[in-house]
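Asks: My structure is below; once you've seen it, I'll send some questions.
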Amino acid sequence: MKRSALACGISWLVLALCPVGASAEELWTLQKCIEYALEHNPDIHAAKARVDASAEDVVAQRRSFLPRLDLEATSGYYDGVPVTPFAVIRGVTEEGLRTRHVSGGYIYVAPTIRVPLLQEGALFGLNPPTAQVAAQQLSVDRNTLEVNKDQTILNVSTAFWNVLKNRQDIRAAEEHMKSLRLDYEIAASKFKEDLVSKNDLLMAEVRLATGQKDLTVYSNLATTLMAELRFQLGLEPTAPLALADESWTQPPLAPLEDLLAQATANRPEIKAQQARVALAEQERRRGATQRYPVLSVTSSYGVAYDFESESNELWSTAVECTVPLFDFGATSSQLRVLSARVAEAEKTLQSLKNAIAREVLTAYTAIQNQATEIALQEKIVEQSVENAQVIRGRFQQNLLPLSALLETEYAVYENQKRLAQAKYDLWARHLELARAVGTLPFKK
0 MKRSALACGI SWLVLALCPV GASAEELWTL QKCIEYALEH NPDIHAAKAR VDASAEDVVA
60 QRRSFLPRLD LEATSGYYDG VPVTPFAVIR GVTEEGLRTR HVSGGYIYVA PTIRVPLLQE
120 GALFGLNPPT AQVAAQQLSV DRNTLEVNKD QTILNVSTAF WNVLKNRQDI RAAEEHMKSL
180 RLDYEIAASK FKEDLVSKND LLMAEVRLAT GQKDLTVYSN LATTLMAELR FQLGLEPTAP
240 LALADESWTQ PPLAPLEDLL AQATANRPEI KAQQARVALA EQERRRGATQ RYPVLSVTSS
300 YGVAYDFESE SNELWSTAVE CTVPLFDFGA TSSQLRVLSA RVAEAEKTLQ SLKNAIAREV
360 LTAYTAIQNQ ATEIALQEKI VEQSVENAQV IRGRFQQNLL PLSALLETEY AVYENQKRLA
420 QAKYDLWARH LELARAVGTL PFKK
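Per numbering that gives the first Met the number 0: the sequence shown = residues 0 to 443.
This is the structure we're talking about:
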């Protein structure tokens with residue numbers, strides 16, 4: 000099945016374009032981070048173990064309905080008279096012989112084979128409901144594993160891009176600090192020449208201190224964000240981790256109807272709940288088999304020897320049939336409980352589909368809104384930069400006070416921060432849409 004345009008676009012969203020400052024082997028791209036997390040995440044390992052256990056349970060349940068061969072072997076010693084109720088009451092054995100004192104040792108060996116012909120309403124060789132229940136549980140566990148993978152990819156991607164966004168904030172703060180230092184130096188120089196007031200000088204100092212505070216906050220935040228990324232990867236908090244700078248291009252937005260159809264077809268949560276519905280139905284079928292007869296064939300070949308005379312041999316074959324007649328409504332009550340669980344699973348599935356459709360619609364709308372927000376912020380930044388150039392020119396001509404220049408340059412810095420945040424939010428909305436549709440990148 001071909002990937003949709005959204006899936007291709009989301010993959011481009013996270014592909015590394017140009018690692019900076021180190022070789023590819025030394026830098027962690029987003030793809031490498033995701034692959035490492037999928038390989039080492041303990042929750043995924045636990046989910047894989049559950050899948051393996053469920054797969055073995057399917058095999059075990061199927062084999063439990065195959066013929067069974069047992070070997071019974073006993074050896075002992077008798078001394079006395081028979082003590083069966085019949086022998087005590089009548090003084091003779093079941094064979095009609097008068098009881099007498101016996102003494103001696105014996106050995107008895109009997110291989111026995113049991114073949115289930117009809118069990119849980121299934122003929123020999125067909126999958127019984129118990130095995131089908133185990134198979135549906137395997138499907139649930141497999142899709143739960145995919146849910147864990149999706150969550151891991153989402154967590155790692157978010158942590159990774161938070162670090163890169165913080166890098167961008169630090170660079171912007173450093174560039175802003177350069178401008179603030181220059182303005183402060185100009186203010187200090189003009190203050191010495193009595194060209195600006197002390198208030199203008201103090202305002203320049205306040206702006207410089209504010210810029211330094213922002214830079215410090217962003218730098219400290221970098222440590223926290225890197226620790227979060229290491230945690231998501233399963234690394235030690237102080238493990239070395241050099242990230243590659245990555246960029247992305249906004250992918251085309253598919254029609255909403257196509258996205259909703261993809262979400263229904265791709266989301267592992269829906270597949271897991273569908274498997275739970277099937278599991279509940281199989282549990283109900285298995286409960287109904289308590290009303291069905293059980294038919295089996297048992298064959299045994301026994302050999303007994305008393306260490307003195309010749310051995311005795313006995314071949315026996317029996318067809319056993321158990322037909323349930325009346326259980327005072329216990330089975331009916333159990334079936335009503337199981338039917339209610341089926342209905343609950345079906346309603347949960349429908350609720351889940353509605354919730355996922357809401358996620359898709361919310362992310363789809365947010366992307367459109369965010370795109371218009373970015374277009375607006377780009378115009379605002381362009382206008383504020385142009386205005387700052389005009390203000391700086393007038394300030395250099397002593398037509399405007401220093402405070403006007405400081406306010407204008409700070410407005411440029413704030414507008415650029417808003418634009419950067421808007422672009423990051425657009426990426427986040429695309430990631431949310433990819434999660435909602437079930438087309439997260441780098442998923443094995």
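Cβ atoms here follow ideal geometry from the backbone N, Cα and C, with glycine treated the same way.
If you're wondering where the values come from, they're calculated on a predicted model, not measured in any experiment.
Does the separation of the CB atoms of T92 and P81 fall below 8 Å?
Replies: Their beta carbons are under 8 Å apart, which means T92 touches P81 by this criterion.
Asks: Using only the alpha-carbon positions, how far apart do F159 and R428 sit?
Replies: Each residue's alpha carbon lies about 15 Å from the other.
Asks: Which residues in the same chain as G20 place their Cβ atom closer than 7 Å to its Cβ, once the five residues preceding and following it in sequence are excluded?
Replies: Confidence at G20 is low in this model, with a pLDDT of 36, below 50, so its placement is unreliable and the value that follows should be read with caution. Within the same chain, G20 has no close Cβ partners at all.
Asks: Under DSSP, the beta strand (DSSP E) around Y76 begins and ends at which residues?
Replies: Run containing Y76: R67 to G79, per the beta strand (DSSP E) assignment.
Asks: Consult DSSP for G20 and reduce its assignment to one of helix, strand or coil.
Replies: Only weak support exists for where G20 lies, its pLDDT of 36 falling under 50; the value from the coordinates is given anyway. The answer is coil: DSSP assigns G20 none of H, G, I, E or B.
Asks: Which of the three DSSP states, helix, strand or coil, is assigned to L240?
Replies: DSSP places L240 in coil when its eight states are reduced to three.
Asks: Helix, strand or coil: which one does DSSP assign to Q396?
Replies: Coil.
Asks: Return the CA-CA distance between S22 and P239, expressed in angstroms with no decimal places.
Replies: Model confidence at S22 stands at a pLDDT of 39, short of 50, so the residue's coordinates are unreliable; what they give is reported in the following sentence. Roughly 15 Å separates the two Cα atoms.
Asks: Nearest-angstrom Cα distance between R89 and G79?
Replies: Their Cα atoms are separated by approximately 17 Å.
Asks: Beta-carbon within less than 7 Å of Q369's beta-carbon, same chain only, minus the 5 sequence neighbours each way: which residues are those?
Replies: Excluding positions up to five away in sequence, the list reads A421, D424, L425 and R428.
Asks: For the candidate residues Q30, N219, S218 and A187, whose alpha-carbon lies nearest to that of E204?
Replies: Selected option, being the one with the closest Cα: A187.
Asks: Pull up the distance between the alpha-carbon of G75 and that of N311, whole angstroms please.
Replies: Straight-line Cα distance between these residues: approximately 16 Å.
Asks: For G301, which beta-bridge partners are listed by DSSP?
Replies: In the DSSP output, where bridge partners are listed per residue, G301 has L313.
Asks: Ignore the nearest five residues each way along the sequence and tell me which others in Y363's own chain have a CB closer than 6 Å to its CB.
Replies: Only L255 meet the Cβ criterion.
Asks: Return the chain-ordered list of same chain residues with a C-beta closer than 6 Å to the C-beta of R2, the five sequence neighbours on each side being excluded.
Replies: Because R2 carries a pLDDT of 43, less than 50, the predicted location of this residue cannot be relied on, and the following value inherits that uncertainty. Around R2: no qualifying Cβ.
Asks: Of the choices R180, A226 and V341, whose alpha-carbon is the least far from that of R206?
Replies: Ranking the options by Cα distance to R206, first place goes to R180.
Asks: Within a Cβ cutoff of 8 Å, which residues of the same chain sit near R49, ignoring the five residues on either side of it in sequence?
Replies: Around R49: D140, T143 and L144.
Asks: Is it the case that the stretch 253–267 contacts the stretch 347–357, given that we only count it when at least three CB pairs across the two stretches are under 8 Å?
Replies: The answer is yes - the stretch 253–267 touches the stretch 347–357, with three or more Cβ pairs under 8 Å.
Asks: Rounding to the nearest angstrom, what Cα-Cα distance links R229 and R67 in this structure?
Replies: So the two alpha carbons sit approximately 53 Å from each other.
Asks: Should V101 go down as buried or exposed, given a rule of 16 or more other Cβ atoms within 10 Å for buried?
Replies: When all chains shown are included, V101 counts as exposed.
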